[in-house]
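Quick note on the UniProt record's numbering: the sequence shown kicks off at 1 and runs consecutively.
Heads up, the beta-carbon is just placed ideally off N, CA and C, and yes, glycines get one too.
Quick caveat: nothing in here was measured; it's all calculated off a predicted structure.
The structure appears right after this line, and notes come after that.
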Amino acid sequence: MNGCPVHFDPLSPEQLADPYPLYARMRDECPVFHDAEHDLWIVTRYEDVMTVVRDPKTFSSENAVRASVQPLPAPVLAVLAEGWPLTPTLTDSDGDVHRRLRLLVSKAFTPRRVQELEDTVRRTADELIDGFAGEGRADVIDRFAWHLPLITIADVLGVPREDVPLLHRWSYSWLRLMQATDPVEDLVACASDVVSMQRYFMDALGRRERDGGSDLMAELLTARIAGGEPLTRVEAMRVPMNLIIAGHVTVTRAIGNGLTTLLADPGQLEAVRRDPALVPTMVEEILRFESPAQGLFRTVREDTELGGVGIPAGARVMVHWGSGNRDERVFPDAARFDVARDSAASHLAFGKGVHACLGAPLARLQLRIAIPRLLDRLPGLRLAEGADTAVRDTIFFARGFKKLTLAWDAEAA
């Protein structure tokens, strides 16, 4: 029996369209409850989410991106066996393994390194917009929103830009595989893409072992922490995969979410147009208001209590960033979009605790450039007329668009 009087189904049309009234009911009526359909304990209040992320010993990050840990179908496992184990990565590891990976990878995201990317990100954004500004209508997800973050990460990794479309396809296949709700034949194709992605980065690292290099992949092969061993090639292979996929989930979806939220609230849009100094808080408010990653998962290691509810060892918990970010107990008037709200230190969009997103500074940089450039260069920007111009993606733990067709005044552009 479901432990909550509301029906939690993130992939239903109603909840894809607007899940936030339901989240409010969950926070009020059943802040921690067992959802029998997905066999998940859903944690919806900010305070309880913070309790989970501050206690990695009790709430393990193993399988942090898998909504279900039921075994994949045998044909899918057979394809995956042709590659290498998918874990551990930064996202789904614990303890010493996680600390070692985090220390090694954090060197790629120092403030200085992120700042050095600003001109490249700005130039890339303008080049992408140049490709469609004269058309007056385009799907900004397909033409802009996934290209920008993947090109940025590809440059950091030393990956040829012409390979970015392939990385996009492979990373989306990884997301579908982790969700595992598609037909078996589709999951087999996804598994094949994931193995191809593994081989791609294993080959790239092999070339750097042989020839050297100055990009992040080359650095990963020689980086070490005091008294520690360098990464193996398999460990190093998982890092660029993790970075590509994480960037794909967050920045792409935040661009689409941000544009639709601003276009639906002309007063807030005009406030940003009048005062560009609001752009940093606008970005944080977009991340809070429409969190691109709605939540991740934890495995309970020992019997525990959360929000007055007992949870048994072995249970799976969803820490719901999207609901916590709308918690009225923390964010006054939480259902109101306010570009002047300063929530950078408190919102959950990039996680909290030891697993807070290492790439958050780079994501923020890209969003502070991408959304203003689109608004500045596409006069009269608006949702295009017609059916299916804004189509939500169906990923259990992420919220964004797989298609977002906008229109603007092409002659003015």
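*Apply the 10 Å Cβ neighbour rule to Arg123 and answer buried if 16 or more other Cβ atoms are within range, or exposed otherwise.*
By 1-based counting over the sequence shown, the position of residue 123 is 123. Counting Cβ neighbours within 10 Å, Arg123 comes out exposed, since fewer than 16 surround it.
*For Ser214, is the classification buried or exposed, using 16 other Cβ atoms within 10 angstroms of its Cβ as the cut-off for buried?*
Here residue 214 corresponds to residue number 214 of the sequence shown, with the count starting at 1. Looking at its Cβ environment, which holds fewer than 16 other Cβ atoms inside 10 Å, Ser214 is exposed.
*Taking contact to mean at least 3 C-beta pairs separated by less than 8 Å, is the segment 348-361 in contact with the segment 298-312?*
no
_Among Glu328, Lys403, Phe401 and Gln366, whose alpha-carbon lies nearest the alpha-carbon of Tyr20?_
Translated into positions along the sequence shown, residue 20 becomes position 20. Selected option, being the one with the closest Cα: Glu328.
*Alpha carbon to alpha carbon, what distance is there between Asp142 and Arg382?*
Taking the sequence shown and counting its residues from 1, one reaches residue 382 at position 382. Taking the sequence shown and counting its residues from 1, one reaches residue 142 at position 142. Rounded to whole angstroms, Arg382 to Asp142 spans 17 Å at the Cα level.
*How do the segment 120-137 and the segment 362-377 stand: do at least 3 beta-carbon pairs fall below 8 Å, yes or no?*
yes
_So within the segment 130-157, which uninterrupted alpha helix (DSSP H) runs reach at least 4 residues, ignoring any that extend past its ends?_
147-157
*Looking at the structure shown, is Leu306 part of a helix, part of a strand, or coil, going by DSSP?*
One-based indexing of the sequence shown puts residue 306 at position 306. Here Leu306 sits in strand by DSSP.
*For the putative contact between Ala349 and Arg288, defined by C-beta atoms under 8 Å, what is the C-beta separation to the nearest angstrom?*
Sequence index remark: in the sequence shown, residue 349 carries index 349 (1-based). Sequence index remark: in the sequence shown, residue 288 carries index 288 (1-based). 6 Å between Cβ atoms; contact.
*Mapping DSSP to helix, strand and coil, what is Val283?*
Here residue 283 is taken as the residue at index 283 of the sequence shown, counted from 1. If DSSP states are grouped into helix, strand and coil, Val283 belongs with the helices.
*Between Glu305 and Val339, is the Cβ-Cβ spacing less than 9 Å?*
Locating residue 305 in the sequence shown gives position 305, where the first residue counts as 1. Locating residue 339 in the sequence shown gives position 339, where the first residue counts as 1. Contact flag unset, no.
*Would DSSP call His98 helix, strand or coil?*
As a working note, residue 98 is residue 98 in the sequence shown. Looking at His98 - three-state DSSP - the assignment turns out to be helix.
*From Ser61 to Ala108, what does the alpha carbon distance come to, in whole angstroms?*
The residue given as residue 61 occupies position 61 in the sequence shown. The residue given as residue 108 occupies position 108 in the sequence shown. Those two C-alpha atoms are separated by around 23 Å.
*Backbone CA spacing between Ala293 and Glu135 [nearest angstrom]*: Position 293 of the sequence shown, counted from the start, is the residue given in the question as residue 293. Position 135 of the sequence shown, counted from the start, is the residue given in the question as residue 135. Roughly 31 Å separates the two Cα atoms.
*Taking the alpha carbon of Ser346 as the point to measure from, which residue in Pro361, Arg364, Asp333 and Gly324 has its own alpha carbon closest?*
Residue mapping note: residue 346 aligns to position 346 of the sequence shown, counting from 1. Out of Pro361, Arg364, Asp333 and Gly324, Gly324 has the C-alpha closest to the C-alpha of Ser346.
*Sufficient close CB pairs (3 or more, under 8 Å) joining the segment 253-269 to the segment 381-396*: yes
*Let me know if Arg399 comes out buried or exposed under the rule of 16 or more other beta-carbons within 10 Å of its beta-carbon.*
In the sequence shown, residue 399 corresponds to position 399, counting from 1. Buried, since its Cβ has 16 or more Cβ neighbours within 10 Å.
*Contact under 9 Å by Cβ, Ala154 with Val140*: Position 154 of the sequence shown holds residue 154. Position 140 of the sequence shown holds residue 140. No, these two residues do not count as a Cβ contact at 9 Å.
*Let me know if Glu290 comes out buried or exposed under the rule of 16 or more other beta-carbons within 10 Å of its beta-carbon.*
Here residue 290 corresponds to residue number 290 of the sequence shown, with the count starting at 1. Answer is buried; the Cβ neighbour count reaches 16.
*Spatial neighbours of Val297 in its chain, beta-carbon cut-off 8 Å, leaving aside the 5 residues before and after*: Taking the sequence shown and counting its residues from 1, the one referred to as residue 297 is at position 297. In the sequence as displayed, the identity of residue 297 is Phe instead of Val. Same-chain partners within the cutoff: Leu40, Asn63, Ala64, Val65, Arg66, Ala67, Arg316, Val317, Met318, Val319 and Phe397.
*Mark His98 as exposed unless 16 or more other C-beta atoms lie within 10 angstroms of its C-beta, in which case mark it buried.*
As a working note, residue 98 is residue 98 in the sequence shown. The residue in question, His98, is buried, as its Cβ has 16 or more Cβ neighbours within 10 Å.
*Where does residue 425 fall in DSSP's three states?*
Within the shown structure, residues of the chain are numbered from 1 to 413, placing residue 425 beyond reach of any answer.
*Note down, in chain order, each residue of its chain lying with its Cβ closer than 7 Å to the Cβ of Ala313, except the 5 sequence neighbours on either side.*
Looking up residue 313 in the sequence shown gives position 313. Around Ala313: Val300, Arg301, Glu302 and Asp303.
*Taking just the CA atoms, how far does His248 sit from Asp47?*
Within the sequence shown, the letter at position 47 stands for residue 47. Within the sequence shown, the letter at position 248 stands for residue 248. Note that residue 47 is Glu in the sequence shown here, rather than Asp. Looking at the two C-alpha atoms, the distance is approximately 28 Å.
_Going by beta-carbon coordinates alone, are Arg377 and Ala344 separated by less than 9 Å?_
Position 377 of the sequence shown, counted from the first residue, corresponds to residue 377. Position 344 of the sequence shown, counted from the first residue, corresponds to residue 344. No, these two residues do not count as a Cβ contact at 9 Å.
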